[in-house]
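Everything in the sequence shown is counted per the working numbering, starting at 6 for the first residue and increasing by one. A short write-up of the structure that comes next.
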Amino acid sequence: MNSLKVRQITRLARNFGTTTKNNFKVAVVGASGGIGQPLSLLLKRHELVSKLSIYDVMRTPGVFTDLSHIDTKASIEGFQCAENLPAALDEAQVVLLVGGVARQPGMKRDDLFNKNASVVEEVTTVVAAKCPKALFAIVTNPVNSCVPLAAEILKKKNVFDPKRLFGVTTLDLVRSRTFISEILKVAPSKVLMPVIGGHSGITIVPVLSQCKPPLKLDKEKTKKLVERIQHAGTEVVKAKDLDGGGSATLSMAHSAAVFTDALLKGLKGDCPPVKCSYVASDVTECAFFSTALKLGKNGVEKNLGLPKLNEDEEKLFCAAVEQLKKDIQKGVDYFKKKNKDDKKGKKC
Ligand code: LMR
């Protein structure tokens, strides 16, 4: 009898010890925009989200009320105006930044930096103050420069944890799988491959030689496919020009939700999901680089490093590294300049 009791107690204790958490607060910043709305919808339906906090500078009440009628588990909070951003992010475990302006035809992602840097600055400052342990994922473009800028701000506030800051590059993989599945005539879910580097033009390096199932294309077709993947965002921008303008919103929301799902599963302690994301890294000469990551309870558990590259991919990789160095420097320089200006403005 006694031994049974002990066994029961032990089992109970073990269960407590391994109990996984299913309830996470996720905040979407920029929730009323083209990406923010579908992303918020997808997260409202996510089984691991118990509280969804949505924030935007305008149109939040409508989006909030609309989402609040959906009969899923996540409770919803809505916030508008900069003064309420701290409340929106308070104790969030995952923060997704999707706000800022989108590309128009003829623009590169990099052209958005001067407009979107101030959004990144404002939101990162509040992340540092209200939820420094949150996993912070940036979708706002140009990701290649916005993530280094956010890192500088977090460093200045003494809360930078390289395991918790992410640039979302999932859409590059989502597109690659879709295009390849059409060529191979298999389900997109069957296509596995890494897409490394950054999230813009030549910094996007799809490693087609590692594709499973194998993709056997001649050099010319491979080149065309790589270029399509690298410039797929522009394909959407051009198509949307006929229809009011803007860039990818639905496929980006889907991709951000796929990435958030992996972050949440990692936080929960599920079998660690592997995803490529643009993070602080020492895998290459670039201070930030996207490679496959094992995710866990504290964000990045392990950087799986560079995949094997063939000769042509080596060339793509080198071009990506050169461009990325400049993109990263742009984020860092903005921070330095801003800091200098702030000091100048300070009066004793
Ligand atoms: C995309 O890849 O579609 C997004 O980064 C938006 C853009 O400007 O291309």
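Built from N, CA and C at the ideal position, the CB exists for glycine as well. None of these values were measured; they are calculated from a predicted model.
Comparing alpha-carbon positions, which option in the options lies nearest residue i?
{"i": "asparagine 28", "options": "Lys330, Ile143, Ser252 and Ala79", "result": "Ala79"}
{"i": "glycine 310", "options": "Leu101, Cys281, His51 and Asn89", "result": "Cys281"}
{"i": "phenylalanine 340", "options": "Gly172, Phe118 and Ile234", "result": "Phe118"}
{"i": "glutamine 334", "options": "Leu213, Ile81 and Glu157", "result": "Glu157"}
{"i": "glutamine 235", "options": "Lys120, Leu53, Cys276 and Thr174", "result": "Thr174"}
{"i": "proline 66", "options": "Thr77, Cys86, Asp76 and Val99", "result": "Cys86"}
{"i": "serine 194", "options": "Lys217, Arg233 and Asp332", "result": "Lys217"}
{"i": "alanine 107", "options": "Leu154, Lys313, Val242 and Ala261", "result": "Val242"}
{"i": "valine 128", "options": "Met112, Leu101 and Lys113", "result": "Leu101"}
{"i": "valine 132", "options": "Ala155, Ser123 and Ile81", "result": "Ala155"}
{"i": "arginine 169", "options": "Pro153, Ser181 and Leu176", "result": "Pro153"}
{"i": "serine 55", "options": "Ser73, Gly38, Ile40 and Val62", "result": "Ser73"}
{"i": "tyrosine 60", "options": "Ile75, Pro43, Asp71 and Ala36", "result": "Ala36"}
{"i": "serine 214", "options": "Gly172, Thr239 and Leu314", "result": "Leu314"}
{"i": "leucine 255", "options": "Val31, Lys26, Ile40 and Val33", "result": "Ile40"}
{"i": "asparagine 89", "options": "Leu189, Asp76, Ser58 and Arg114", "result": "Ser58"}
{"i": "lysine 228", "options": "Ala122, Lys320, Pro199 and Val68", "result": "Lys320"}
{"i": "aspartate 332", "options": "Asp347, Asn146 and Ala192", "result": "Asn146"}
{"i": "leucine 44", "options": "Arg233, Cys291, Ala253 and Glu318", "result": "Ala253"}
{"i": "valine 99", "options": "Gly304, Leu329, Asp346 and Asn308", "result": "Gly304"}
{"i": "aspartate 223", "options": "Leu197, Ile188, Ile81 and Ala97", "result": "Ile188"}
{"i": "leucine 247", "options": "Gln109, Asp317, Val103 and Ile81", "result": "Gln109"}
{"i": "asparagine 149", "options": "Leu46, Gly172 and Pro137", "result": "Gly172"}
{"i": "arginine 64", "options": "Leu53, Ile75, Gly38 and Lys330", "result": "Gly38"}
{"i": "aspartate 287", "options": "His51, Pro167 and His204", "result": "Pro167"}
{"i": "leucine 176", "options": "Glu225, Val263 and Pro312", "result": "Val263"}
{"i": "glycine 105", "options": "Val34, Glu82, Ala142 and Pro91", "result": "Val34"}
Would you check whether the ligand LMR has a heavy atom nearer than 7 Å to the C-beta of residue i?
{"i": "valine 241", "result": "yes"}
{"i": "methionine 257", "result": "yes"}
{"i": "asparagine 146", "result": "yes"}
{"i": "glycine 238", "result": "yes"}
{"i": "arginine 108", "result": "yes"}
{"i": "arginine 64", "result": "no"}
{"i": "arginine 182", "result": "no"}
{"i": "threonine 252", "result": "One point to set straight first is that residue 252 is serine, not threonine, in the sequence displayed. Yes; taking the cut-off as 7 Å, the Cβ of serine 252 has a heavy atom of the ligand LMR nearer than that."}
{"i": "arginine 233", "result": "no"}
{"i": "arginine 169", "result": "no"}
{"i": "leucine 44", "result": "no"}
{"i": "histidine 204", "result": "yes"}
{"i": "leucine 101", "result": "no"}
{"i": "leucine 329", "result": "no"}
{"i": "leucine 178", "result": "no"}
{"i": "arginine 50", "result": "no"}
Does DSSP put residue i in a helix, a strand or coil?
{"i": "valine 131", "result": "helix"}
{"i": "aspartate 317", "result": "helix"}
{"i": "asparagine 344", "result": "helix"}
{"i": "glutamine 195", "result": "For the record, residue 195 in the displayed sequence is lysine; it is not glutamine. Helix."}
{"i": "aspartate 177", "result": "helix"}
{"i": "phenylalanine 29", "result": "strand"}
{"i": "serine 205", "result": "coil"}
{"i": "glutamine 98", "result": "coil"}
{"i": "glycine 39", "result": "coil"}
{"i": "isoleucine 75", "result": "coil"}
{"i": "phenylalanine 322", "result": "helix"}
{"i": "phenylalanine 165", "result": "coil"}
{"i": "cysteine 281", "result": "strand"}
{"i": "alanine 142", "result": "strand"}
{"i": "asparagine 119", "result": "helix"}
{"i": "proline 147", "result": "coil"}
{"i": "threonine 354", "result": "The structure shown has nothing for residue 354, since the chain only spans 6 to 353."}
{"i": "serine 80", "result": "strand"}
{"i": "glutamate 290", "result": "coil"}
Taking residue i and residue j to be in contact with their CB atoms under 8 Å, please state how far apart those CB atoms are, rounded to whole angstroms.
{"i": "leucine 268", "j": "leucine 140", "result": "5 Å"}
{"i": "alanine 325", "j": "glycine 202", "result": "4 Å"}
{"i": "leucine 230", "j": "phenylalanine 184", "result": "6 Å"}
{"i": "lysine 245", "j": "glycine 251", "result": "5 Å"}
{"i": "histidine 259", "j": "valine 179", "result": "7 Å"}
{"i": "alanine 97", "j": "lysine 49", "result": "No, alanine 97 and lysine 49 are not in contact; Cβ-Cβ is about 15 Å, not under 8 Å."}
Mind checking if residue i is an interface residue toward chain B, Cβ cutoff 8 Å exclusive?
{"i": "histidine 74", "result": "Note that chain B does not occur in the displayed structure, where there is just one protein chain."}
Can we say the segment 275-295 touches the segment 197-213, given the rule of at least three CB pairs closer than 8 Å? yes
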